[in-house]
Structure formats: structure tokens, C-alpha cells
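Contents: one structure, followed by commentary.
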Amino acid sequence: MIHDVEKVSGGRIHVWRRTSRRYRRGRIVRRLLSSWSVLMLSLLVLVGGVALARQHLQHQAEVRAGLGAVDTAHVIAALVVHRNLDADDFAQGDLTPAKRADMDADVAELFRQGRLAGLKVWHADGHLIYADSERPQADTQLSPAGLRRSHAGEPWVEAGPKSVRGRGTLDVFLPVDAGAEGGRGGLVEALIPEDRIADQVRRSTRQLNALAVVVLLAMIGILALLRRRLLSREYEALHDPLTGLLNRGALAERTRQAVAAAQATEGRWAALLILDLDGFKAVNDTLGHPAGDVLLTQLAHTLRGSVRPHDVVARLGGDEFAVLLTRLPDAGQAETVARHLLDRLRECSYTVHGVQLSVDASVGIAIIPTDGRDTDQLVQRADIAMYQAKRAGAGVATYDEATDPHDVSQLVLLVDLRRAIEAGELVLHYQPKLQLATGELVGVEALVRWAHPTRGLLAPATFIPVAEHTGLMAPLTERVLQQAIRQAAYWRDRGLTVPVAVNVSPRSLLHGDLPGTVLRLLAEARVPSALLELEITETAIMTDPDRVVHVLRQLHAMGIRVAIDDFGAGYTSLAYLKQLPVHTLKIDRAFIADILEDEKDEAITESVIVLGHKLGLSVLAEGIETPAVQRRLRDLGCDEGQGHHLGPPMPATDLTAWMRQYAAAERASDPVDDGLITA
Ligand code: C2E
Ligand code: MG
Ligand code: MG
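Right, dumping it as C-alpha cells:
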């Protein structure tokens, strides 16, 4: 049986699956992006990036400073060396005392101006030609490395002594030629004070630091903003906007965790409770949706306040809530908590728009891990238990595998039916109704079927009674009415004007605003009320005759014809029949089937025909399966007939073809003797 339950898992479950999968994917990304550690990591990367950039820019500043020092050395070489020394001095590799004195004088001036801290001139073979008088002449020979570099002909810069006359220096080596006449020159080594260069570098560094701080602050601001937005997105993704409770996706995730925890630890229990309000629709219908919203918010508050902090309360949509009880000492506790929750809901008083309301609900329980290994299964089973509780009026029910298989499959159907109505899986077949005397087509009856994705085409008997016991009858009737009215419009637009009859269950007749709904749907499809007929059963009439009379009068005033269906199978008080503004009596097929053999059936049928005519009603016989039965009914004066012999229920497209064929046959011959056209 459980196999069956799983096989029939409905779209509701698929929707659940999809939301939870999408939720899980989104959640990982959101979590990652909004976590502090990721934020800190990005900051760290950012700081590293800024430090690298700063280092790079500082290096650039130093290179620029070095180039500046080389330029200065060029000027000094021109001012001092080339002005005082010529090719002969370089060729001899020694200076006359006079030249040395001139050099000293120029160098002293540059020292005074602070543009130079020391000067040496090296011969091309590496021996010292000149050194300023201020520094000791330790080296008189250029190092072999220096000599090699000088032969390359390119200037280079080295860090000079840290303190020459109290200042840091850069040592610039500048290969020079021997003056205007050319020839072998040497190497000028100028110690350039680095104050100005250092100033430059310091200024650049300061600017860089300021820039880095601004960039960092801006980035921190952006990251914080991003994090806030992600957190609010995370909140929206996890919560129901109306009540602030967790939503379906978040519950799926928590249930998954609870299942994993329960499976990992022996003796650890959890339970998924699904709670559906009883009669919530009435609140919406009578007080309006805003009032319904207020009530739901108050209920959410009560629920949250009635469980332990580590339990999870979620809203699944509409008036359906879920509670995930974790860390239960034993499975039996779940039912105790569920009853406690119901008591709390009933005890609390809810005042909505000045109206005091009391609330009741039904709760279904699935135990974790025994009732399911994944969220989908648990939700489905808790749902089934909830419907069981609702049907039995028990308040609380725990899922039980051993429940009557038929019962469970009915409940599975019900769980599915909700979705099927929304997904448009309900289809209508249409059965012709013929005038027995003339064979004229007088109308068609819309009969609902459910095109179930796994079970095939289901007859109304399998799901209408289930829908009757829950709040699904109203949406079902509305769907059927809408489809039937649209179909009538479609036929009318193609020259096949035919009234369409829709079956209305007692519940739809007695609750809600049937006349209002019908009026709206007719207006939407621009269909006149004469093209719609409603069929109501005797049961409906006797449940609340006064209300039925009231509703039928409204429908009558709108110009809608009403037939009493399955007449004779129930107990209509003839007194009411007199008051009811109906047009047709449909004799139940139970009396028609054996009319030729059973005299009593024939007597009843004849009496109903007479009764109907005396009350000014037309009479239709249901379930005509043979030409002989059709003839007998016509002889008894029955006005109209319906049955497999006259035309079975068929899809709209088949009926379109049937009607065209029927009209053509009628035109070709005078009224067909027995009105038979086989589809
Ligand atoms: P109903 O309104 O009395 O519809 C006539 C039923 O008799 C249909 O069964 C039809 O298929 C069947 N039938 C027609 N001709 C013959 C015949 O010659 N022999 C026999 N044995 N049966 C025949 P179906 O479609 O299974 O519908 C059963 C009932 O379900 C309907 O009885 C109606 O009460 C209910 N129903 C169908 N559609 C709707 C709907 O849209 N809303 C509601 N509330 N009830 C519906
Ligand atoms: Mg009917
Ligand atoms: Mg009937």
C-alpha cells in the first residue's frame, strides 16, 4: 500500500521538492557571501592588494628618484668635470695642482649649495683621477665590478653612505667621455644628497597611504552594504512575509537536518506536524482577506509561543502550518505536543476587526525517522494523517501505515486533488440530452473527470465524495462552471448553440455565493444565462430547504434553469417541490434500467412524469441504454432522455463532431424514429 502512496505522490510534493532544491542552492551562495569569515577574507585580500599596489607605487617613486639623481649627476658632470678637465687630463690620468684647485673650488660651491655631497673622477682603467678633499681617499682603484659596469657605458645608482655631512646620499656613477674632442674618458662618481629625493618619496608614500585608506574604507563600506542586502535577502528567502515564520524551503532544510540527526543517534526522535485550520475559508469569505491575514498572524504568534525554542514553526501557505519537533524523548511525545498546540489555539481568543473568533484545526503527525527518510515523504505522510484527523474530526492523527489501504489511497488522491484543480487536470466530458418526441438536441450535461498523471482518467465517484468532505468542493465547482461556460461560448461562436448543464453539489449550493460566482463567470465569457443549466440533487434540497429555496430563487431571477437530478433516489418533500423554482425533473436511472421488466419501476416512472407535468415541469429520463427503453419512455409521455443509447459522455471535441453529424442527419431525414445517432 505504501508503495501506492509513494507512486501517487502528487504535484504538491513536486512543488515542495523544487522549492527546497532551489532554496538549498540559493542558501549556500547567500550563506557564503554573508558570512563574517568570507567578509574578513575579502578584506584581507583587499588589504594585501592595497599593500602590493602601495609597494609597487613606492618602487616607482624610488625609480623616479634615482632617475632624478642621475639627471643631477649629469648637470654636475657638465658644471664641474667637463668645465675643468679636458682630454689630456683623462689621457694622463692625473691632474695638475691648478686644475685640482679649480675642481675643489667648484665642488666646494656645490657642497655649499647642498647639491653635492662628494665627487670622484675615475680613469677609464679604474684608477682615481680626482676626489673631493672632504672624504678620505681610501680607495684609489675602482672595484672590478664597477669597472665592468663603467665599460658598458650606462649610468647606475647605488645607495651612498647614510650620512655625509649629516645627510643620506645616493651614489651615482656616470660614465663620461674625455670632453669635446672625444677620446677615452672615465667615470664620474657623484654623491647626491637624497633629501630632495627622500622628500619626493615621502610625499608619494603619504599620498599612497591616504589613497589606500580611502580605498579600504570605501571597500569596507561596500562590503558591509552588500552583506546587509544579502542578509535581508537571506531573511526573505527563509521566511513567510505575512507571519514572519519560516517558510516551506527553510522547513525542508530543517527537516533534512532533523532526519540526519535522528538517523545518526539511536533513540533520538523528531516529528513533523502539519496543521490545517478548520473553516478558515469562512473567515476570508465573511470578513475579507485582510481579516484572514490578521488572524493568520495572530495564530502564528500563538504557535511560536507554544513550542520550545529549538522547535521549528513554519507556514506552508494558506491556512496550513508545519511544526517540526526536535529532540523528542520518545515518539509518543509528538501527539501530546500536538494536542497541547490545539488546546492553545482553541484557548486563545482572537479579535479580528472587532470580531471575536475562535479557531479549530486538525493536525497530522509523521514521526522521524520511522515514517520517512526524506522531507517529501514526511510531508506527504503528515498530510495524509492531517486529512484523516479532519475527516474523523479527531483533531490529531499520527500517520499509520496499517490504515485501511482504500482510505489511504483516497487521502492520497485528496492531497493530489488540491494541486490537480490548480493545474487544470480536471476535464469535462459532455453527454447529449434529446427531446424524445422529436429527437431534437436540447442540451448537454457536463460531467467532470480527472486526468490523473499516473492513474489515468478518474470518474467523479472516485474524487467528488472526497472533495465534499473538505474545502475542495468550492474550487472544483468553480473550475467546472468556468470550463463549461467557456465551452458553451465556444460552441455558440461556431453556430452550435446548446445549453450546458453543470452538476452542483449540496455543499456548493449551500455555502459560499453560487449565484454571484455564476453571474461573474457568465459575464466573463459573455454567455447569456439561458445557455447554463444547473443540476442539484435531492440531498441538497433536504439538507437546508429554506436556504436552497432562497438560492434557487436568486438563480431563477437571473434566468438560469435548474433541474433536480437523480429524482426518486432521495427524499424530496413534495411540499418543497411546489415552492422550488425548478424547470426539470431528472428521473434517476435506477428506475429506468429495468422499466420494461419491472412493473413497479414503470409505475414510479409514469407517476413522476405525471407529477412533473402537473407541476409544470419537464421530465427527463436518465440512463437510457436501449431503443426499446427509449420508445417506452416516449410512450409514457417523458419529455427528454439521456443515456448511452442516445449518446455517451464524450470529450468536447468529440461532441462537436457528434453535434455536426447529428444536425446533418436531422436535416437529411425527418426526425429520426428513435433519435439514435451513434457517436
Ligand atoms: P449524474 O449527474 O446523474 O450524471 C449522470 C451519470 O450517469 C454520469 O456518470 C453518466 O456517465 C452516467 N450515465 C449516462 N448515461 C448512462 C447510461 O446509459 N447508463 C449508465 N449506467 N450510466 C449512464 P458520471 O459521469 O460517472 O457521473 C456520476 C455523478 O457524478 C453524476 O451523476 C454527478 O452527480 C456527479 N458529477 C459529475 N460531474 C460533476 C461535477 O462537475 N460536479 C459535481 N458536483 N458532481 C458531478
Ligand atoms: Mg447530473
Ligand atoms: Mg443523475
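In the numbering used here, the protein residues as written are 18 to 696.
Where a beta carbon is used, it is the ideal one built from N, C-alpha and C, also for glycine.
Buried or exposed by the 16-neighbour rule on C-beta atoms within 10 Å, applied to residue i
i           : result
residue 701 : Outside the shown range of the chain (18 to 696) lies residue 701, about which nothing can therefore be said.
residue 631 : exposed
residue 360 : exposed
residue 5   : Nothing about residue 5 can be read from this structure; the chain reaches only from 18 to 696.
residue 224 : exposed
residue 482 : exposed
residue 595 : exposed
residue 558 : buried
residue 150 : exposed
residue 387 : exposed
residue 550 : buried
residue 646 : buried
residue 500 : buried
Bridge partners - residue i, DSSP secondary structure assignment
i           : result
residue 603 : 637
residue 414 : 381
residue 584 : 604
residue 120 : For residue 120, which the question treats as bridged, DSSP gives no partner whatsoever.
residue 450 : 460
residue 240 : Answer is none; residue 240 lacks a bridge partner.
residue 135 : 208
residue 404 : Bridge partners of residue 404: none, in fact.
Rounded separation between residue i and residue j - CA only
i           : j           : result
residue 278 : residue 439 : 36 Å
residue 315 : residue 548 : 46 Å
residue 209 : residue 90  : 7 Å
residue 261 : residue 377 : 21 Å
residue 456 : residue 683 : 8 Å
residue 234 : residue 326 : 39 Å
residue 270 : residue 475 : 35 Å
residue 353 : residue 288 : 12 Å
residue 127 : residue 55  : 58 Å
residue 256 : residue 584 : 52 Å
residue 648 : residue 617 : 18 Å
residue 373 : residue 366 : 7 Å
residue 155 : residue 137 : 12 Å
residue 680 : residue 453 : 16 Å
residue 604 : residue 655 : 10 Å
residue 159 : residue 203 : 11 Å
residue 63  : residue 74  : 16 Å
residue 404 : residue 379 : 8 Å
residue 470 : residue 263 : 31 Å
residue 205 : residue 193 : 7 Å
residue 677 : residue 643 : 23 Å
residue 305 : residue 488 : 17 Å
residue 65  : residue 248 : 26 Å
residue 601 : residue 542 : 25 Å
residue 516 : residue 552 : 12 Å
residue 441 : residue 351 : 37 Å
residue 177 : residue 98  : 20 Å
residue 464 : residue 503 : 15 Å
residue 338 : residue 265 : 9 Å
Identity of the residue in the options nearest residue i by Cα
i           : options               : result
residue 273 : 329, 297 and 321      : 329
residue 84  : 470, 174, 62 and 131  : 174
residue 444 : 484, 497 and 345      : 497
residue 397 : 157, 416 and 521      : 416
residue 188 : 172, 525 and 404      : 172
residue 163 : 146, 450 and 191      : 191
residue 522 : 246, 542 and 491      : 491
residue 411 : 248, 382 and 386      : 382
residue 528 : 241, 300 and 106      : 300
residue 699 : 520, 581 and 679      : Within the shown structure, residues of the chain are numbered from 18 to 696, placing residue 699 beyond reach of any answer.
residue 96  : 76, 104, 120 and 418  : 120
residue 534 : 576, 495 and 569      : 495
residue 640 : 100, 501, 577 and 659 : 659
residue 670 : 650, 634, 505 and 165 : 505
residue 332 : 110, 677, 179 and 291 : 291
residue 293 : 268, 195 and 401      : 401
residue 58  : 232, 144, 237 and 114 : 237
residue 82  : 219, 60, 246 and 144  : 219
residue 308 : 282, 389, 369 and 265 : 369
residue 462 : 472, 473, 468 and 449 : 449
> Taking a cut-off of 7 Å, which residues have a beta-carbon closer than that to any heavy atom of ligand 2, in chain order?
Replying inline: 462, 518, 520, 552, 582 and 603
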